Every structure is written in C-alpha cells, then in structure tokens.
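**Q**
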Amino acid sequence: MPRKLITLILMRIAVGLLLLLVVSAVIFLGVEALPGDTAEAILGRSATPDALANLRAKLGLDQPAWERYFTWLTGVLSGDLGKSLTNGADIAAAIAPRLHNSLFLAASAAVIAVPLALGLGVIAARYAGRWPDKIISAVTLSTISLPEFVAAYFVIYALTQLFPVFQPVSMVFAGMSLPDKLRAIALPVIVLVIVVLAHMMRMTRAAILSVMQSAYIETAELKGLPPVSIILRHALPNAISPIVSVISINLAYLVVGVVVVEVVFGYNAMGQFLVDHVAKRDLPVVQASALIFAVVYIGLNIFADVVSIVANPRLRHPK
Amino acid sequence: MPDSLVLDISGLVIEATSYPPGARPRDVTLVHGVDLKLQRGRVLGLIGESGAGKSTIGLSAMSYGRGGARLTGGEIQVNGREIRLASPAELRALRGREVTYVSQSAAASFNPARRLMDQVIETSVSHRYMNRRQAEDHAIGLFRKLGLPDPETFGNRYPHQVSGGQLQRAMTAMALCPGPDLVVFDEPTTALDVTTQIGVLRAIKDAIRDSHVAALYITHDLAVVAQISDEIMVLRHGRMVEHGTCDQIINHPREPYTRALVSVRALNHVEKPPEPAIVRIDAVSARYRGTQSDVLTDVSMDVAAGQTLAIVGESGSGKSTLARVITGLLPPKSGQVWFDGRTLSRALAGRSRRDLREVQMIYQMADTAMNPRHTVDTIIGRPLQFYFGMKGAEKSHRVAELLDQIELGSDFGKRFPAELSGGQKQRVCIARALAAKPKVIICDEVTSALDPLVADGILKLLLKLQAEARMAYLFITHDLATVQAIADKVAVMHRGRVVRYGAKGDVLTPPFDDYTDLLLSSVPKMEIGWLDRTIKLREAAQ
Numbered sequence: 052m053p054r055k056l057i058t059l060i061l062m063r064i065a066v067g068l069l070l071l072l073v074v075s076a077v078i079f080l081g082v083e084a085l086p087g088d089t090a091e092a093i094l095g096r097s098a099t100p101d102a103l104a105n106l107r108a109k110l111g112l113d114q115p116a117w118e119r120y121f122t123w124l125t126g127v128l129s130g131d132l133g134k135s136l137t138n139g140a141d142i143a144a145a146i147a148p149r150l151h152n153s154l155f156l157a158a159s160a161a162v163i164a165v166p167l168a169l170g171l172g173v174i175a176a177r178y179a180g181r182w183p184d185k186i187i188s189a190v191t192l193s194t195i196s197l198p199e200f201v202a203a204y205f206v207i208y209a210l211t212q213l214f215p216v217f218q219p220v221s222m223v224f225a226g227m228s229l230p231d232k233l234r235a236i237a238l239p240v241i242v243l244v245i246v247v248l249a250h251m252m253r254m255t256r257a258a259i260l261s262v263m264q265s266a267y268i269e270t271a272e273l274k275g276l277p278p279v280s281i282i283l284r285h286a287l288p289n290a291i292s293p294i295v296s297v298i299s300i301n302l303a304y305l306v307v308g309v310v311v312v313e314v315v316f317g318y319n320a321m322g323q324f325l326v327d328h329v330a331k332r333d334l335p336v337v338q339a340s341a342l343i344f345a346v347v348y349i350g351l352n353i354f355a356d357v358v359s360i361v362a363n364p365r366l367r368h369p370k
Numbered sequence: 026m027p028d029s030l031v032l033d034i035s036g037l038v039i040e041a042t043s044y045p046p047g048a049r050p051r052d053v054t055l056v057h058g059v060d061l062k063l064q065r066g067r068v069l070g071l072i073g074e075s076g077a078g079k080s081t082i083g084l085s086a087m088s089y090g091r092g093g094a095r096l097t098g099g100e101i102q103v104n105g106r107e108i109r110l111a112s113p114a115e116l117r118a119l120r121g122r123e124v125t126y127v128s129q130s131a132a133a134s135f136n137p138a139r140r141l142m143d144q145v146i147e148t149s150v151s152h153r154y155m156n157r158r159q160a161e162d163h164a165i166g167l168f169r170k171l172g173l174p175d176p177e178t179f180g181n182r183y184p185h186q187v188s189g190g191q192l193q194r195a196m197t198a199m200a201l202c203p204g205p206d207l208v209v210f211d212e213p214t215t216a217l218d219v220t221t222q223i224g225v226l227r228a229i230k231d232a233i234r235d236s237h238v239a240a241l242y243i244t245h246d247l248a249v250v251a252q253i254s255d256e257i258m259v260l261r262h263g264r265m266v267e268h269g270t271c272d273q274i275i276n277h278p279r280e281p282y283t284r285a286l287v288s289v290r291a292l293n294h295v296e297k298p299p300e301p302a303i304v305r306i307d308a309v310s311a312r313y314r315g316t317q318s319d320v321l322t323d324v325s326m327d328v329a330a331g332q333t334l335a336i337v338g339e340s341g342s343g344k345s346t347l348a349r350v351i352t353g354l355l356p357p358k359s360g361q362v363w364f365d366g367r368t369l370s371r372a373l374a375g376r377s378r379r380d381l382r383e384v385q386m387i388y389q390m391a392d393t394a395m396n397p398r399h400t401v402d403t404i405i406g407r408p409l410q411f412y413f414g415m416k417g418a419e420k421s422h423r424v425a426e427l428l429d430q431i432e433l434g435s436d437f438g439k440r441f442p443a444e445l446s447g448g449q450k451q452r453v454c455i456a457r458a459l460a461a462k463p464k465v466i467i468c469d470e471v472t473s474a475l476d477p478l479v480a481d482g483i484l485k486l487l488l489k490l491q492a493e494a495r496m497a498y499l500f501i502t503h504d505l506a507t508v509q510a511i512a513d514k515v516a517v518m519h520r521g522r523v524v525r526y527g528a529k530g531d532v533l534t535p536p537f538d539d540y541t542d543l544l545l546s547s548v549p550k551m552e553i554g555w556l557d558r559t560i561k562l563r564e565a566a567q
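Sequence order for the protein chains is D and L.
Heads up: the first sequence begins at 52 in the working numbering, then just goes up one per residue.
Heads up: the second sequence begins at 26 in the working numbering, then just goes up one per residue.
(1) Can you tell me whether Gly130/D is buried or exposed, with buried defined as 16 or more other CB within 10 angstroms of its CB?
(2) Determine which residues of the stretch 169 to 180 of chain D have a Cβ less than 7 Å from any Cβ of chain L, and write them out in chain order.
(3) Quick one: using the 10 Å Cβ neighbour count with 16 as the cut-off for buried, is Glu118/D buried or exposed?
(4) Would you say Pro364/D reaches chain L, if we count a Cβ-Cβ gap shorter than 8 Å as a contact?
(5) Examine chain D for any beta-carbon lying closer than 8 Å to the beta-carbon of Gln186/L, and answer yes or no.
(6) Can you name the residues of chain L whose CB is closer than 7 Å to the CB of His368/D?
(7) Taking its Cβ as the centre, do 16 or more other Cβ atoms sit within 10 Å of Thr58/D, making it buried, or is it exposed?
(8) Check Asp327/L in the structure and name its three-state DSSP category.
(9) Can you grab the Cα-Cα spacing for the pair Ala209/D / Ile187/D, in whole Å?
(10) Start and end of the beta strand (DSSP E) containing Cys468/L?
(11) Starting from the Cα of Leu171/L, find the closest Cα among Leu562/L, Met326/L, Met390/L and Gly224/L and give me that residue.
(12) Out of curiosity, what's the CA-to-CA distance linking Met26/L and Arg65/L?
(13) Contact between the stretch 529 to 540 of chain L and the stretch 361 to 373 of chain L is defined here as three or more beta-carbon pairs at a separation below 8 Å; is this criterion met?
(14) Do Tyr498/L and Leu484/L have their C-beta atoms within less than 8 Å of each other?
(15) From Gly90/L to Thr81/L, what does the alpha carbon distance come to, in whole angstroms?
(16) Buried or exposed: where does Asn301/D fall if 16 or more other Cβ atoms within 10 Å of its Cβ makes it buried?
(17) So if DSSP puts Glu242/L in a beta bridge, which residue, or which two residues, is it bridged to?
(18) Can you list, in chain order, the residues of its chain whose CB lies under 7 Å from that of Ala200/L, leaving out five sequence neighbours each side?
(19) Does the Cβ of Arg194/L have 16 or more other Cβ atoms within 10 Å, making it buried, or fewer, making it exposed?
(20) Excluding five sequence neighbours on each side, which residues of the same chain lie with their C-beta closer than 6 Å to the C-beta of Gly322/D?
(21) Compare the C-beta of Lys55/D against all C-beta atoms of chain L and say whether one is closer than 8 Å.
(22) Give the straight-line distance between the Cα atoms of Thr559/L and Ile253/L, rounded to the nearest whole angstrom.
(23) Give the interface partners of Pro239/D over in chain L, defined as CB-CB distance under 9 Å, in chain order.
(24) Buried or exposed: where does Gln222/L fall if 16 or more other Cβ atoms within 10 Å of its Cβ makes it buried?
(25) Would you list the one or two residues that DSSP bridges to Val515/L?
(26) Going by the DSSP bridge assignment, what does Ile257/L pair with across the sheet?
(27) Closer than 9 Å by beta-carbon distance: list the chain L residues that pair up with Leu276/D, in chain order.
(28) Using the Cβ count rule (16 or more neighbours within 10 Å means buried), how would you classify Val309/L?
(29) Let me know the secondary structure DSSP gives Gly99/L once reduced to three states.
(30) Note the first and the last residue of the continuous alpha helix (DSSP H) segment covering Gly166/L.
(31) Determine, for Arg382/L, whether the minimum Cβ-Cβ distance to residues of chain D falls below 8 Å.
(32) Can you give me the start and stop residues for the alpha helix (DSSP H) that Val479/L sits inside?
(33) Would you call the stretch 91 to 111 of chain L and the stretch 264 to 279 of chain L in contact, with 3 or more CB pairs under 8 Å?
(34) Since I believe Lys79/L is in contact with Ile243/L (beta carbons under 8 Å), could you give me their beta-carbon distance rounded to a whole number of angstroms?
(35) Contact check, Ala512/L vs Phe500/L under 8 Å by CB: the rounded distance?
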C-alpha cells in the first residue's frame, strides 16, 4: 500500500481517538452538570450535611473535578469502569454480558439487512422508475415509517399467534447453544431488519443512480454490456463511499439505539441496562455506558472513512 | 470482402423533446433525413458546427440516442441488418462487437475505479469470442501499435495514472480490440493540445489503415478531418450541406457554407506600432498553496495601451495562473504587477475599487460566468451600479447602449442566459466587462468553446471595441489562428516560463526556438497530406 494511503488512514484513526478523548470529557462534564451528586443520590433528600460530607470524602467526591476525571479515565484505560452505586458491583463485569448480547443482536440483524439492502438497492436502480423500483420503494418506505414497537407487535402477532413459529420473548442466557440463541432472537432481528432496511436501500439506489449519469456508464452501454453487469462492475465500485457511510450509521444504531425493541422482547442488552440505571441515578454506570456507545459510534465512522479512503483508486494507486 | 458495405443509413430522422425555460416542452427534429453509406476500409468525416447533428448521426450507427434523442424515421443498416428497431439483446450483440465508439473525453469515458486493461478487453471477453489471455495479448499488440509507453504493463494502470493523449490512444485500442467492422470517432483529439494531437492523429490514422475497419470521424475542425478521411460530409442544422471526396470539399467546395468553413480562421490582424505599456508584469513567480513547485517562474512582459498581447501555450503552461496573479486572485511569491503608473497590491483585498474597475476579465465558459437566474439587463447593469452608482433610467439607457455596442438589440435585455446561443452569451460577458470602462481586459480562452464562424465574429467585435475605446487586451489562448487574428505582441509560455516574447511578426517568423517550432508546426493546416508530410519531416530530423 502506498505510504500516502497509510498516512491518511493513520491520521483518520488518530483523529478518531482524539475525538473519543473529547467525548469522554463531555460525558464526564455532562454527568457533573446534573443537579445533585452521587452522595445525594445514595443518601436521599433527608441526609444530613455531615453524612453527605463523610460519604463524599469516602467516594473521593471532595476532590476537584479534573482530578476525578483523570482518575476515571486512567481507570477506564486499564479496564476498570468503576463500581455501581446501587449494588456496589463491578460495572465492567455487569456490562460485559449485556454488551455481548447487544453486539450479537446487531450483528445478526446486520448480516441480513446489509446484503438485502444492497441487493434491493441494485434492483431498484436497475429498474429505476419502473414497477420493481416502485414496489421496493413503497414497501421499504412504509416499513421505515412504522414506529419500532408497532412493527414489533405486528411481528409478534404474525409469528407467534397467526403462525406460531417463534417465542414472543427473547431470553438468552449463558450456555445456550448458538441455534437456540438465534431462534430466540429471530423476532427482534426481523423487526430491526425492517427498521434499518429502507435507509440503506435508498442510499444504495441513489448513489448508483448518480454514478449512472457518468460518461463512463455511457461507454459501458455502448460496449453492449448487460444492465446488471453495468451496475455491478461499473457503477457500484464508484458508489461505495456514500453507501458505506450510511451502512455504518445504521450499524451504530443497531448497537446503541434499539432500547425499545429490547424492552418489547425482554432482551437483556445495553439499551435496557442504560435506561434502568438512568432511572436509578446510578451515575458511574451511565457514564460508562455512554462511553461505550461513543466508542461504537466513532469506531464505525472510522471504519466507514477508511473504506472510503481505500475505495478511492487515486489514493490506492497514486501516480 | 474489401468493398463490402458496412453502414447504410437512409432517410434518418432523429427527434428529441426540448424543455425551453418558461415554455412548454416541445418536440424538435435534430436530424432531417440524412443518407450515408460507408464501405470497409473507408473513413468518412462528418463535419459541422455544434448542433449540426454530427454526434447524433454517429451514435445512430449504434442505434443509440444520447440524452433522450429518439431515432424516429429512416433505415439504419449495419452489415446488411436493420438496427433502428432492434431489440435490446440484438443491440448488445452489435455494440462493442460490430460497431465501437471513441469519445471526445477519454478521461471521463474510462471508469476511474478499474484498470485500463480490464476495460479495454471487457467486450472481447464478455461477448465470448476471445479468452482473457488472447484478449490481453491482442490489446498489448494494439498498445504497441498506438505508440503507448511500456505496452506490456500499460494496461495495469488506472485512468488517472496516464496522460490525456495516452488515454485517447487507450480508448482507440479499446474500440479496436474486439475487431469491429465500424468505429465511430467522436472528436477524439479536440480536447488535446496541438503538440499531443498530432501524435494521436497519426496513431489513429495508422490503426484505421492497418485494421481495415470502416470509420466515421466526427469533428468540427476541417483541417483535422482533411488529414484522416477519404470522404467528407458537411452538416448544418441536422441536414447534409455537401458530400464529396476529401479533395473536392477542401479544394473545390461548391456550397457557400462549405466555402465559409474552409476559409474561416484566415483573419489576419496587422500589428500596430509600439506604444507605452499600461501593464508591466515584472519577474513574477507564483505557486499554489500547499504545493512544492512554481507554476510561474520569473515571468516578465508588457501590455501596451490600446493593444493586444496574446499569451499562447498548452494546458499547464501557466497562462491562466498569470491571469489570476494580475487580477489579484493568486498573490505572487515574488515579483510585481505595475498598472498605469502604480503598483497593484499583490492580493485582491488590498486593491481599490478603481483598481478593480480598470482590470476586467472575460472567461472561456460564458455559461458558468453568468448567474442563470439574472436577466441580461441585470447582468450588464450590475457593474454600472457597483462602480458608477447608476440607477433607473440612466442605467437602462447605458445598458441599451452597451447592448448596441455588442451588436445585440435592446430586446435581449429581458432574456435569461439559457435563452442565448453560445456566441450571444459571450457577447453579454463582453458587455459586462465593457460596462466598467476598463483600461485592460483579460480574455481567458474566450473563443475556445465557440464554433469557428462564431469565434470569428467575437474576435471582430473585440477588435472593433478596442479601436473605439482604446482598451488593452491580455488575450490568453492555445490557438495560433486566434493569435494571428488579434495580437500585436505575443508571449509563448511553456511550463511556467516565457520562452519567446515580442512583436507578433517577430515571434511567428523563423528562426524559432525548439518549443515554438514544435508548437507552430503541430497546428493542423487545411491541406491534404499535411499530417504525413509533417511526421516525415520530424522523423527525418531525428
């Protein structure tokens, strides 16, 4: 690989890491700016000032903010996310299985949704303005307009009542075999595919159609190539970057934005975990979860940028 | 079958739907019943101005209508088969196999994401009559024949890795690779510099002869088509004007329109006696931000008051960069620009309103130099208001005067740019520059995008205006006929340096330096056999 390309990629990763550092500070300040602090949250409104002062000293809350920030940050870097306030449990240990569940659900949905969206996008672009395009657009646009929980209840009704193939509740636990797990999460996966499909499909279609205006597509037509091979061999390679960036946004959403679906199916993952702890005002857990979400978002965006950089023949093969 | 008929078009009618601004869409006829026949091994030149229907007719040989053009009448036969109403599958079998195409801009017509070799052999492999190895060997042979560097490995490169002239040769290789019966060349050398064009023309000519294909050669440049074709067909407004052998059309044209085309570009401007300078460019060097090398190196020249200095050079020679330095858009690294007894500030921000008013500019693309949502009145009125604070009746009176000066009626004032022809647009841009009462106008390739007859009209207008208002022109061009037509002094630029500078007569008279000699001898002449003679002379000199 040419040196310029490697430099660009490394730069992009470095900027991502810097961004992550800034985000960590923003998260810390955000939590800091909330009214009241952890000590008040633990002891409640009736606590005496003495008791509060004692607890603050014990938790280190009497230290200046920037010192606490660096203590937290160094902890995070060594894998220590702190202790939960509500039950004193180690946060990292509590998050690990839920993060695993989140990633498992997101990956399963993505494995179906991404190729399906690309395929439908290519078909829609091939028949742009004709009936296959109109049907695909109409169906995906109506599914994206449905709120997730409506889609979820619809899917539950259809696949557990009308045709009882799946369980309505997606409980997974350690020691379950992979087929059992997949069977358990089938319904939420279907709902998530429905929710993210349209966005990626529309972008694939739009990106291909915009490339189809190029002079080199006319060249391909004048070479007598069949329409599908024009799209796959000539248009798609030049449409990768907008498509990948939309895919990465949707992947990030699948990891961090699906709390409603988790709740509907009783699936024990990050979204529900975060919401529970916000309700309990368990600030260290909220802080840790927010940071993990930021890592996912920034990581996927870096991934999309790197793909765009590598997909550019001018950077991959310099003069 | 040396004389078999490859293409037989009769009574061809092509229509399209036009969408004029502010009016209902209507059907227009682009080609009104054209007939042509072409045998194997023959080259037919299609010549005409823009809008004559040359490309449209060329593409009809592949039964392809660009931008919604519809082939609505007549017969098109390729190798004896009617193709106008052929099915998509039949057309796919025809295109890229029997008939292939070379476009004006190979840079845009190659897919940037794929290697050249993959694109060159694509049809041969996809139409399944060569396997990959055979096709690659064949392509390498063509690369060699077309004079491409390192033919064995040339195909491994991507389009952005090779030069414009090489891409045009590669596109010719792509068209010849599947062994077609007919190749449509659509202005294949128009976008190239003259010194590059001559080599590509020669390569195309040899390749056509060796592969014994039939060729349609489309161009607006009669001097080019005279070098390469056996017959010429002159087209205008979608109708045939005249058709004959190359010799007959060039040397004995019958129709008045053909005669006008042949004699065009023969304007000759007699240079004026020396005058004191109004612009003095003094040892200017410049580079673009973030780059390591100079685009201009130690450039000095004078523009005399009321006269024209032409700057000639190929793309990348620094001509337009010099214009940017003079207008203040690019502050020079070193050196100065003197104007009318004062030093101009290096950067735009430091210039007074008077500095801005007295140096005006006209651009190559009149289209993009005007706001499409402003009327001609607004466009010309803007500098009147900005520089002179004119309003109301005074302003409209002056706009009418200016429209009169550029030989357009005052009813043009209510029109939008999209309702004007190319030449009219450029006239409006001239009026806008004139409105500021400038002392110098920088003209950057102002006739390059225009048809020759229209371009001559613009040059005559510029000369008339110069005589009336004593403006100086800094005239940037790559075209030597234009230099001949307008310049008093000439500067030849090459790679950011002035290689030759002086009165027009001196610059264009031998003895030449090497570069000026190469440049001047590369300009196609309206003589049959010029290409072969020039190439022979060069080979003998080596």
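Glycine included, each C-beta is placed from N, C-alpha and C at the ideal position.
As the structure is a computational prediction, the values presented were derived from the model and not from experiment.
**A** Result, derived from the coordinates:
(1) exposed
(2) none
(3) exposed
(4) yes
(5) yes
(6) Tyr183 and Gln186
(7) exposed
(8) strand
(9) 21 Å
(10) Val465 to Asp469
(11) Gly224/L
(12) A caution first: Met26/L carries a pLDDT of 45, below 50, which makes its placement in the model unreliable, though a value can still be read off. Roughly 8 Å separates the two Cα atoms.
(13) no
(14) no
(15) 7 Å
(16) buried
(17) According to the sequence shown, residue 242/L is Tyr rather than Glu. DSSP output for Tyr242/L lists Gly70/L and Phe210/L as bridge partner(s).
(18) Thr125, Tyr126, Val127 and Val208
(19) buried
(20) Val309, Val310 and Glu313
(21) no
(22) 14 Å
(23) Simply none; closest approach about 37 Å.
(24) buried
(25) Ala335/L and Gly527/L
(26) Gly70/L and Gly269/L
(27) Arg117, Arg120, Gly121, Glu147, Thr148 and Ser151
(28) buried
(29) strand
(30) Arg157 to Lys170
(31) no
(32) Pro477 to Ala494
(33) no
(34) 5 Å
(35) 7 Å
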